[in-house]
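Only one structure is covered here, and it is reproduced in the block below.
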Amino acid sequence: MTTAELRQALPLVTARDLRVAYDGGPNVLDGVNLDLFPGEMVALLGSSGSGKSTLMRSLTGFAPISGGQVRVAGHDVTNLRRGELRTLRSEVGQVFQQFNLIPRMSVLTNVLTGALHTAGPINLAYGFTSAHRKRALELLDRVGIAHKAKDPARSLSGGQQQRVAIARALMQQPKLILADEPVASLDPKLADSVLELLREIALQDGIPVLVSLHVLPLALAHTDRIVGLRHGEMIVSGRTAELDAEQLAPLYADDSESRVGTQEVTPSVHARA
Ligand SMILES: Nc1ncnc2c1ncn2[C@@H]1O[C@H](COP(=O)(O)OP(=O)(O)O)[C@@H](O)[C@H]1O
Ligand SMILES: [Mg+2]
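Numbering (the UniProt record's numbering) for the sequence shown: 1 to 273.
If you want it as structure tokens, here you go:
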């Protein structure tokens, strides 16, 4: 997509004053406003427990929304009609830190599982059509590991497994991709290449990719926009190129100041940017 097309596109995701509370507890998301546009790669930043995974879950109806509005690909997530949840989830491709592949199955079969929602109840070994297989092989080629198609998923490196997971997400023909800490288990060079792949997909396929990251430099290098959470509140939102260190610093500020008076000295492992 060209930049001009991007500017004209309507947001695929809109969240307004989104609040989430688990089991009648406090709001773990509190007044989040988010727009995701076709073709853009958006980083979700914040220290552990800030609400990143919860925000992603709220876009697919997996989080207990206690207030506000969420629209994803035309679905009102807070007010879904019967059967609509299944459709919504089939339209959102997900990528996880631990890849979530079926280790003993072949790479090709793992990618094919991305088509399960459209194919209906199916025998994993025999139930896919040749069109499905052709498409899965094309996607493996696109993510650069077609030569591994017959290998068991567990025999691949972490970076390769994440590429399989991305191909599986693409098999769904998603309208949106959510990637929750997709490179947290990868070494830096592989992390760069996986994020570049996701960014390329966002642009080429014209879909939004929301990617949570715990390392600021990766967000600065690979995303168009940054959304930052702290204690469930959205405290940063802007174009990556326009945000400066001062605006981003509060995301990783040490919480120890708010614990003044306690004797506890806890090293803030997540304060590292
Ligand atoms: N299933 C759950 N039940 C209760 N509390 C939860 C659940 N999932 C997350 N939380 C709480 O919600 C807050 C945000 O968590 P999470 O979304 O996992 O943050 P992040 O992904 O940024 O680490 C944390 O305080 C966490 O303990
Ligand atoms: Mg998380």
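Just so you know, even glycine gets a beta-carbon here, dropped at the ideal spot from N, CA and C.
Counting C-beta pairs with one atom in each stretch, the stretch 99-108 and the stretch 52-64 have fewer than three that are closer than 8 Å, which means they do not touch. Around the beta carbon of K52, 16 or more other beta carbons lie within 10 angstroms, which makes this residue buried. Within the same chain, and ignoring the five residues on either side of S193 in sequence, the residues whose Cβ sits closer than 8 Å to its Cβ are G159. Judged by the Cβ position, S47 fails to qualify as a neighbour of ligand 2 at the 6 Å threshold, every heavy atom of the ligand being at least this far. Cβ neighbours of E181 within its own chain (closer than 6 Å, five residues either side excluded): Q97, S212. Each residue's CA atom was taken as its position, placing I226 and A219 some 7 Å apart. For D151, the closest of A169, A131, L186, V111 by C-alpha to C-alpha distance is V111. Apart from sequence neighbours up to five positions away, the residues of its chain that approach E40 with a beta-carbon distance below 7 Å are L6, A202, P208, D224, R225, ordered along the chain.
Annotation for S53 indicates a beta carbon within 6 Å of some heavy atom of ligand 2. Contact between A15 and G68 holds, since their C-beta atoms are separated by about 7 Å, short of 8 Å. L195 and H147 have their C-alpha atoms some 21 Å from each other. In terms of CA proximity to I235, A253 leads the group A241, A253, H222. Between the alpha carbons of V95 and E138 lies a distance of about 19 Å.
Across the structure, G206 and L170 are spaced so that their CA atoms are roughly 12 Å apart. By the neighbour-count definition (other C-beta atoms within 10 Å, threshold 16), R168 is a buried residue. Look at V143: its beta carbon is at least 6 Å from all of the heavy atoms in ligand 1.
Going by beta carbons, G232 and L29 fall inside the 7 Å limit. Following the DSSP letters along the chain, one finds A169 inside the alpha helix (DSSP H) bounded by residues 158-171. According to the DSSP assignment, N110 belongs to no beta strand (DSSP E) but to the alpha helix (DSSP H) extending over 107-112. At a Cβ-Cβ threshold of 7 Å, L156 and A149 do not count as neighbours. Annotation: V164 to A153 spans about 8 Å, alpha carbon to alpha carbon. Sixteen is the threshold: when 16 or more other Cβ atoms of the shown chains lie within 10 Å of the Cβ of I177, as they do, the residue is buried. Put simply, the backbone Cα of I145 is about 18 Å away from that of R199. Look at D151 here: in three-state DSSP terms it is coil, with no helix or strand label. Listed in chain order, the non-local C-beta contacts of F99 below 6 Å within the same chain comprise Q161, Q162, A165, local neighbours out to five positions each way being set aside. Excluding sequence positions up to five before and after L190, its CB lies within less than 6 Å of the CB of G159, all in the same chain and listed in chain order. Looking at the DSSP output, G93 shares a beta bridge with I177. A direct Cα-to-Cα measurement between T129 and S48 gives close to 42 Å.
Closest by C-alpha distance to A184, out of T240, L45, T87, is L45.
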